[in-house]
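**Student:**
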Amino acid sequence: MLLLTLDVGQLQFFNILRRLFFFYSALNLRQSHLVAYQREFHALRERLRVAEHRTLQRSSELNAILEQFRRAIAETNGSKDALSNFSDETQKLLKELAHRKPLQVPNIYHHLPHLLNNEGSLHPAVQVGQGRTGVSMVMGIPTVKRKVKSYLSETLHSLIDKLSAEEKLDCVIIVFVGETDVDYVNSVVAGLEKEFYTELNSGLLEVISPPASYYPDFSNLKETFGDSKERVKWRTKQNLDYSFLMMYAVNKGVYYVQ
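For the sequence shown, this note's numbering assigns the number 156 to the initial residue and increments by one for each residue that follows.
In structure tokens form, the structure reads like this:
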């Protein structure tokens, strides 16, 4: 039989090795648990994202239904024979509500999913005016920063000066500043408040601008029609600007012109 004798220093050395081994084993176990937790966290995050998307979609549909019922109630005018007083369009909408079709039109979050990343993406970053609604005519005027000269003031004077007193009470003019530089937008607002103070306070004129989160990443746009990347970006942003302006104006009046 072979007997091994260890001195005190060797025993301490082996004890240190044993402790390091257990520490390393525990560390590996913690790391494996951490990886598992990270996977569960990412899976939960994705499920929450999908749930948020569906919630926003249902909210959009419910708001549309509510608006349709409001119009239906307004058209009854207190009549008991309500259905016969509905317009053909309203009767069609009510029938569609009662018999929902299996195919649904995708909403804005389907085409612009980045909007889900910020709940304020569809709210104006700057909004000045009285929020007038219930008018016959809504006029939208989009404008952006220009290197040479802006014709915004001349355009507004041309529209407002030709309106009668009655027409000024039955329309709203919305200036959309398609810039995310809040300082620049505020400078535009300051100029309009100075020049069109009465129109802003009466509700005839409003000024809005979109938040930066409304716009997607323009660096990966598909080039079309043989245009350069800069031209494609300009065209895409213009379409998004017009969409934001029309979405803001949709519930304000009967007719819209831009």
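Think of the CB as a built atom: it goes at the ideal place given N, C-alpha and C, for glycine as much as any other residue. Computed from a predicted model, the values in this text were never measured in an experiment.
Where do the ends of the alpha helix (DSSP H) carrying Leu311 lie?
**Tutor:** Leu311 -> alpha helix (DSSP H) spans 307 to 315.
**Student:** How far does the beta strand (DSSP E) with Leu400 in it reach, from first residue to last?
**Tutor:** That residue, Leu400, is in no beta strand (DSSP E); its alpha helix (DSSP H) goes 384 to 404.
**Student:** If you reduce the DSSP assignment to three classes, tell me which class Val409 lands in.
**Tutor:** Strand, per DSSP.
**Student:** Taking Leu211 as the reference, give the member of Gly289, Asn273, Arg200, Glu361 with the closest Cα.
**Tutor:** Asn273
**Student:** With Met294 and Leu267 assumed to form a contact (beta carbons below 8 Å), what rounded beta-carbon distance in angstroms separates them?
**Tutor:** That belief does not hold up - the Cβ atoms of Met294 and Leu267 are roughly 26 Å apart, past 8 Å.
**Student:** Provide the residue span of the alpha helix (DSSP H) that contains Leu277, from first to last.
**Tutor:** That residue, Leu277, is in no alpha helix (DSSP H); it is neither H nor E in DSSP.
**Student:** With Val343 as the anchor, note down where its beta strand (DSSP E) starts and where it stops.
**Tutor:** Segment 337 to 350 is the alpha helix (DSSP H) holding Val343; no beta strand (DSSP E) there.
**Student:** Taking all protein chains shown into account, decide if Tyr369 is buried (16 or more other Cβ within 10 angstroms of its Cβ) or exposed.
**Tutor:** buried
**Student:** Give the DSSP bridge partners of Val299, in chain order.
**Tutor:** Answer is none; Val299 lacks a bridge partner.
**Student:** Can the beta-carbon of Ser291 be found closer than 7 Å to that of Asp325?
**Tutor:** yes
**Student:** Is Pro365 near the ligand PLP - that is, is its Cβ less than 6 Å away from at least one heavy atom of it?
**Tutor:** In terms of ligand content, the structure shown is empty, and the ligand PLP therefore cannot be addressed.
**Student:** Is the beta carbon of Tyr403 closer than 7 Å to that of Ile363?
**Tutor:** yes
**Student:** Shortest alpha-carbon distance to Leu307 belongs to which of Glu195, Glu207, Phe351?
**Tutor:** Phe351
**Student:** Per DSSP, Phe331 forms a beta bridge with which residues?
**Tutor:** Pro297, Ile363
**Student:** Within a Cβ cutoff of 7 Å, which residues of the same chain sit near Val340, ignoring the five residues on either side of it in sequence?
**Tutor:** Val281, Val332, Glu334, Ser364
**Student:** Whole-angstrom Cβ separation of Gly284 and Leu360, contact assumed at under 8 Å?
**Tutor:** 6 Å
**Student:** Determine the closest residue to Glu354 out of Asp336, Asp338, Asn375, Glu322, with distance taken between C-alpha atoms.
**Tutor:** Glu322
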